[in-house]
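Protein chains in written order, with the UniProt record's numbering: chain A, 1 to 253; chain S, 1 to 253.
Shown next as structure tokens:
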């Protein structure tokens, strides 16, 4: 934060600096924690047991078809983890045509596999690896899948990863995702990132295909981006914001 | 540890004290941990989802009868958590008489309810409350149930609680449990506790019904107790160990 920005902020008043802290309290669900030192008791193995169930396919009662690939699963587990799967399998159970098969459209098999892994184990599979070139892409797809199947925790995890991996190349895609899937924190992080770019970097962003797509599909997002970056980066990026203003004017015509 | 004991121990040699450390490494199963600050991501909710399944009874396909009380559950969950339940429900599935009912003998309904809660949530229910008079008794029963259904983690948790709640009144019951269910750490804790008692306290233990029962059923445990307390409490409790020696002689006759 620059000096001028700080001096102008409401946090500095009468020679006093106010620091705002947001405290998250994580409630521990284990009532025995007081009586048992953690080191003695092995960590919860319930997710490992579910993971074994997925791997071994034992008792599986539904096949999910994703672009020709078949995944065996348990209706009970799918339904308890995702209200969308619950509705789907209840529908299938009620309907006459319960063939024990569900076809999943608009999703890559690899993404569905990662989703299934998370459903059973509450963790991301090794496949979702920060070292991979397509790491961010997989996480983006998983984020979309999490939203589609109303899996809130997975959505938060993906959003958190995306927020920590914003690059000039993909910031517009992230911004579009944040808009489509109602994620304020990811949206804010993208705006903050754009506000921090210099002229050349910003030009690259504006020249990208993602920018063009966003302009075509969600001009309102760009208007909000303009309003917010204008506020956030007031002092240094007025020139580049100028080009965004032109863009938005162009969009409005 | 007393000075004499320390000086006699192999850990003190040539004016050097060797300290032995046992390090337990808890492997974290979440590969995303590096990329996501814990505070942002809500804790795992998989156990909560299973808990809801138990409460709501949705999709339940087996009834467990415990002394006339009926508990609804899911074969899939029971089988994935306990190899014993797995064998029982597989047997029931194969057999001609799959009525969807399993009768559980030799167990109180309250204990079975706590066991079921642990099966679904990996945590002890609020009922198992350190503030209750019968806390230790419930934990003892749960310990026995954990051993019976081969639920290792629950067994370790119960054992840990029992080790931290050894009293003169119940130490013999704990010792008997440790012996019957092959728990060395609980066994050691009991012996250490007995070695620390003074004459009057030890007399109380020896006069207890639990002691008489142990003497009748597992005299070998008392022999081992004698051998070990003799070593542990050498300097101060030779007199009271004397009375144990007599007891063991009596047993051996």
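For every residue, glycine included, the Cβ atom is placed at its ideal position computed from N, Cα and C.
Every value quoted in this text rests on a predicted model; they were computed, and no experiment measured them.
Provide the residue(s) that pair with residue i in DSSP beta bridges, ordered along the chain.
i: residue 72 of chain A; result: A:63
i: residue 103 of chain A; result: A:65
i: residue 12 of chain S; result: S:17
Is there at least one Cβ from chain C nearer than 9 Å to residue i's Cβ?
i: residue 160 of chain S; result: Checking the listed chains, one finds no chain C in this structure; the protein chains it contains are A and S.
How would you list, in chain order, the residues of chain S whose beta-carbon sits under 8 Å from the beta-carbon of residue i?
i: residue 156 of chain A; result: 40, 41, 42
i: residue 153 of chain A; result: 41, 42, 44, 45
i: residue 147 of chain A; result: Near residue 147 of chain A there are no residues of chain S at all, since even the closest Cβ is about 16 Å away, more than 8 Å.
i: residue 106 of chain A; result: Chain S residues near residue 106 of chain A: none, gap ~24 Å exceeds 8 Å.
i: residue 15 of chain A; result: What residue 15 of chain A touches in chain S: nothing, since even the nearest Cβ is about 32 Å away.
Between which residues of its own chain and residue i is the CB-CB distance below 8 Å, once the five residues before and five after are set aside?
i: residue 108 of chain A; result: 66, 67, 141
i: residue 122 of chain S; result: 47, 153
i: residue 19 of chain A; result: 11
i: residue 177 of chain A; result: 140, 143, 144, 162, 183, 186
i: residue 129 of chain A; result: 135
Within its chain, find whatever has a CB closer than 7 Å to the CB of residue i; leave out the 5 residues flanking it on each side and keep chain order.
i: residue 103 of chain S; result: 65
i: residue 174 of chain A; result: 162, 166, 186, 190
i: residue 155 of chain S; result: 143, 146, 147
i: residue 88 of chain A; result: 102
i: residue 69 of chain A; result: 109
i: residue 50 of chain S; result: 77, 120, 121
i: residue 100 of chain A; result: 61, 62, 63
i: residue 6 of chain A; result: 12
i: residue 79 of chain A; result: 85, 86, 89
Anything in chain S within Cβ reach of residue i, meaning under 7 Å, just list it in chain order.
i: residue 76 of chain A; result: 59, 74, 76
Take residue i and list the residues in its own chain whose beta-carbon comes closer than 6 Å to its own, dropping the five residues that flank it on each side.
i: residue 183 of chain S; result: 159
i: residue 179 of chain A; result: 218, 221
i: residue 115 of chain S; result: 145
i: residue 157 of chain A; result: none
i: residue 188 of chain S; result: none
i: residue 181 of chain S; result: 147
i: residue 253 of chain S; result: Residue placement at residue 253 of chain S cannot be trusted, given a pLDDT of 40 that sits under 50; what the coordinates show is reported in the next sentence. None.
i: residue 118 of chain S; result: 154
i: residue 151 of chain A; result: 82
i: residue 125 of chain A; result: 114, 117
Can you pull the chain S residues whose beta carbon is under 9 Å from the beta carbon of residue i, in chain order?
i: residue 52 of chain A; result: 80
i: residue 134 of chain A; result: Correct list: empty, because the minimum Cβ distance to chain S is about 15 Å.
Applying a beta-carbon distance threshold of less than 8 Å, which residues of chain A neighbour residue i?
i: residue 181 of chain S; result: Residues of chain A passing the Cβ test: none, with the nearest at roughly 16 Å.
i: residue 49 of chain S; result: 80, 81
i: residue 204 of chain S; result: In chain order: nothing, as chain A lies at least about 25 Å away.
I think residue i touches residue j, with their Cβ atoms under 8 Å apart; what is that distance to the nearest whole Å?
i: residue 59 of chain A; j: residue 76 of chain S; result: 5 Å
i: residue 201 of chain S; j: residue 168 of chain S; result: 5 Å
i: residue 72 of chain A; j: residue 53 of chain A; result: Actually they do not touch by this definition, with Cβ atoms about 10 Å apart.
i: residue 210 of chain A; j: residue 172 of chain A; result: 4 Å
Listing by chain order, which chain A residues have their CB less than 9 Å from the CB of residue i?
i: residue 188 of chain S; result: Here the premise fails: no neighbours, minimum Cβ distance about 13 Å.
i: residue 198 of chain S; result: By Cβ distance, chain A contributes nothing, its closest Cβ being about 27 Å from residue 198 of chain S, past 9 Å.
For this session: Decide yes or no for the touch test of the segment 39-49 of chain S against the segment 68-86 of chain S: beta carbon pairs closer than 8 Å, at least 3 of them.
Result: Counting Cβ pairs under 8 Å, fewer than three are found: no touch.
Problem set entry | Stretch-stretch touch, CB-based, cutoff 8 Å, three pairs: the segment 132-146 of chain A with the segment 158-175 of chain A | Contact holds: three or more Cβ-Cβ distances are below 8 Å.
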